[in-house]
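Position in the sequence shown counted from 1, then plus 2, gives you the working numbering.
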Amino acid sequence: SGCADGTREGLHGFESAAACEGVWDGHISNAGRLCSPGWRVCTSFDVDLLRNITWKHALSVHGCMAINAAQDGGRCRECRGGLEQDDMAGVGQSCPHQSEGQTSCISGGRMDASCCVDSHFHTACHFKPGLINGVVCCRLPAKRPHIVVKPPERLQVYRDFIFLLTCQASGMPPPRVHWYRDGRKVTSETYRISVLSSGDLLVTLAKRSDTGLYTCEAINEHGIDMASSYVSITEHSSGCADGTTDGLHMYPDIQACSGAWKGHVKYGKSLCAKGWRVCNPRNRKSIKKITLFDTTDLVGCYAYNAAARRNKCKRCQSSKMAGVGKDCGWVSYSHKSCLSFGRVDVFSSNETSSCEYTEGLTTGVLCCKKPKQVKETSHECKPGCENRGVCLPHNRCKCAKGYKGARCQIPICEQECGSKGVCIQPNTCRCQEGYSGDTCRQKVVHCQPACLNGGQCHKGKCKCSSSFWGKLCQYPMQHVLLSKMNRTER
Numbered sequence: 003s004g005c006a007d008g009t010r011e012g013l014h015g016f017e018s019a020a021a022c023e024g025v026w027d028g029h030i031s032n033a034g035r036l037c038s039p040g041w042r043v044c045t046s047f048d049v050d051l052l053r054n055i056t057w058k059h060a061l062s063v064h065g066c067m068a069i070n071a072a073q074d075g076g077r078c079r080e081c082r083g084g085l086e087q088d089d090m091a092g093v094g095q096s097c098p099h100q101s102e103g104q105t106s107c108i109s110g111g112r113m114d115a116s117c118c119v120d121s122h123f124h125t126a127c128h129f130k131p132g133l134i135n136g137v138v139c140c141r142l143p144a145k146r147p148h149i150v151v152k153p154p155e156r157l158q159v160y161r162d163f164i165f166l167l168t169c170q171a172s173g174m175p176p177p178r179v180h181w182y183r184d185g186r187k188v189t190s191e192t193y194r195i196s197v198l199s200s201g202d203l204l205v206t207l208a209k210r211s212d213t214g215l216y217t218c219e220a221i222n223e224h225g226i227d228m229a230s231s232y233v234s235i236t237e238h239s240s241g242c243a244d245g246t247t248d249g250l251h252m253y254p255d256i257q258a259c260s261g262a263w264k265g266h267v268k269y270g271k272s273l274c275a276k277g278w279r280v281c282n283p284r285n286r287k288s289i290k291k292i293t294l295f296d297t298t299d300l301v302g303c304y305a306y307n308a309a310a311r312r313n314k315c316k317r318c319q320s321s322k323m324a325g326v327g328k329d330c331g332w333v334s335y336s337h338k339s340c341l342s343f344g345r346v347d348v349f350s351s352n353e354t355s356s357c358e359y360t361e362g363l364t365t366g367v368l369c370c371k372k373p374k375q376v377k378e379t380s381h382e383c384k385p386g387c388e389n390r391g392v393c394l395p396h397n398r399c400k401c402a403k404g405y406k407g408a409r410c411q412i413p414i415c416e417q418e419c420g421s422k423g424v425c426i427q428p429n430t431c432r433c434q435e436g437y438s439g440d441t442c443r444q445k446v447v448h449c450q451p452a453c454l455n456g457g458q459c460h461k462g463k464c465k466c467s468s469s470f471w472g473k474l475c476q477y478p479m480q481h482v483l484l485s486k487m488n489r490t491e492r
């Protein structure tokens with residue numbers, strides 16, 4: 003019907019407009035709940051649709067149904083609180099201001115649900131009990147579903163972790179979103195899996211059986227759109243020697259490993275897996291990933307080879323060994339350390355501290371993955387790279403600035419040389435005969451016959467020195483002086 007309650011109080015012959023009864027608080031823009039999904043309170047943007055409503059149609063509606071538009075000056079604009087845009091439009095027998103024949107949002111006349119007096123009381127375009135009975139709702143333009151935010155094409159998740167697949171779609175009416183895994187519809191029957199109102203799929207405590215192709219389907223009566231994501235659930239690789247992980251297993255390069263060791267904390271590497279070591283200041287990037295929540299959630303106290311001295315992250319030398327865990331002895335949020343949020347020490351301030359394992363205080367160590375050593379290898383390109391180009395793997399050249407090409411053999415002129423020149427080295431053009439200039443675009447005009455006595459050709463004419471004259475600079479200046487003398491002087 004176009005109305006939220008399924009009824010219609012008028013405009014029965016219209017497919018895209020309906021008179022809907024009801025009340026609302028404040029501005030008419032708050033009355034959208036009176037319209038059914040896919041509809042809205044008619045506004046000035048719907049003027050083409052509203053013009054189909056004639057004076058006769060408007061009078062056939064019982065009561066007064068408001069429209070979110072202002073008709074001041076016979077125009078149809080957004081309804082606001084100012085004096086120039088506060089005559090709220092309406093249709094219905096009971097609308098207080100009616101003028102047949104005037105221009106407005108509808109055809110054949112003008113009906114106002116409220117008038118300019120309301121702006122003085124800051125109630126323009128507002129609901130008025132006893133005067134307004136509802137609104138006119140307009141159907142929103144139809145639109146096929148389109149998934150605006152798609153899930154990633156591939157996603158790798160560790161077992162027992164949480165993952166979220168996004169599927170936010172637009173369309174009119176608003177599309178319904180369904181999820182499928184390997185062709186079977188996903189429901190929210192289990193406590194682990196939820197299809198959210200936003201259309202996203204939330205899976206908690208991921209299991210190996212959750213691996214599969216997840217497909218999101220957005221559908222309405224005008225069409226369908228789909229997007230897919232392949233999710234693989236894997237076991238996280240342990241950084242601990244015994245293959246287990248006591249905490250921080252969500253981080254790929256730092257983990258908490260329980261156990262005892264002898265001597266300095268650096269010898270706790272016996273608790274770390276091959277390719278891992280006890281964390282130290284060189285691993286500060288990984289250590290800074292640890293959050294305050296991780297610290298309070300991790301049972302015990304796990305030491306690492308660091309100690310904060312003068313608010314700086316240093317290796318542990320003799321005391322104040324750093325740690326992570328809810329049972330560590332000393333915590334300060336105002337001091338700085340290797341952590342991102344404060345400082346945590348294994349030993350409390352009233353205990354004798356050290357850099358060694360202490361039974362009852364240290365649960366284990368933090369192990370960090372060693373960085374991979376990248377061996378530098380020399381490469382040979384055939385044919386070789388030119389103009390200081392560097393050979394890369396797979397017979398490719400990295401060119402120096404000013405050159406390009408597979409072998410860096412082509413110089414680059416930022417201002418092209420045009421059709422009358424050739425780039426011979428970076429930003430240097432060689433011009434064809436008859437052309438000159440940095441980009442070979444200036445045509446050279448020759449003097450025929452050639453200029454004599456050192457004269458210069460300029461735009462096809464000879465420009466003579468001070469000692470000669472004539473079209474070709476063929477006459478010496480003394481000849482002019484003699485010609486001006488009379489016979490007696492000669």
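From the three backbone atoms N, C-alpha and C, an ideal C-beta is built for every residue, glycine too.
| Asked | Found |
| --- | --- |
| Spatial distance of ASN307 from HIS238 (CA atoms) | 24 Å |
| Where PHE123 falls, given that 16 or more other Cβ within 10 Å makes a residue buried | exposed |
| Stretch-stretch touch, CB-based, cutoff 8 Å, three pairs: the stretch 82-100 with the stretch 141-155 | no |
| ASP7 to VAL150 span [Cα, whole Å] | 31 Å |
| Alpha-carbon spacing of TRP57 relative to THR125, whole angstroms | 27 Å |
| Alpha-carbon spacing of ILE316 relative to VAL367, whole angstroms | For the sequence presented, residue 316 should be read as Lys rather than Ile. Approximately 17 Å between the Cα atoms of the pair. |
| Run of the alpha helix (DSSP H) containing ILE149, from where it starts to where it stops | Note, ILE149: premise wrong, no alpha helix (DSSP H); beta strand (DSSP E) at 145-151. |
| Rounded straight-line distance, which links the Cα of SER438 to that of VAL446 | 7 Å |
| For ILE235, the nearest candidate out of ARG156, GLU11 and TYR253 (CA to CA) | ARG156 |
| Simplified DSSP state of LYS268, which is helix, strand or coil | helix |
| Span separating the alpha-carbon of CYS44 from that of VAL159 | 47 Å |
| Whole-angstrom distance between SER62 and ASN70, CA atom to CA atom | 20 Å |
| The stretch 125-136 contacting the stretch 193-211, beta-carbon criterion three pairs below 8 Å | no |
| Beta-carbon contacts of GLN411 that lie in its chain and below 8 Å, excluding the five residues immediately before and after | GLU388, ASN389 and TYR405 |
| Touching by the beta-carbon criterion (3+ pairs, under 8 Å), the stretch 102-116 and the stretch 176-191 | no |
| First and last residue of the uninterrupted alpha helix (DSSP H) at ASP50 | 49-52 |
| Distance, ARG42 Cα to CYS218 Cα | 28 Å |
| Proximity of CYS475 and LEU454 at Cβ, strictly below 8 Å | yes |
| Outcome for ALA452 when other beta-carbon atoms lying within 10 angstroms are tallied against a minimum of 16 | exposed |
| Beta-carbon proximity of LEU52 to GLY136, cut-off 8 Å | no |
| GLN427 to SER468 span [Cα, whole Å] | 40 Å |
| Assigned exposure category for GLN319 - 16 Cβ within 10 Å defines buried | exposed |
| Status (buried if at least 16 other CB within 10 Å, exposed otherwise) for TYR335 | exposed |
| Nonlocal neighbours in the same chain, by C-beta distance under 6 Å from ASP329, ignoring five residues either side | GLY302 and CYS303 |
| Same chain only: Cβ atoms within 7 Å of SER196, ignoring 5 sequence neighbours per side | SER190 and LEU204 |
| Assigned exposure category for ARG489 - 16 Cβ within 10 Å defines buried | No answer about ARG489 holds up, because its pLDDT of 49 lies below 50 and its placement is not dependable. |
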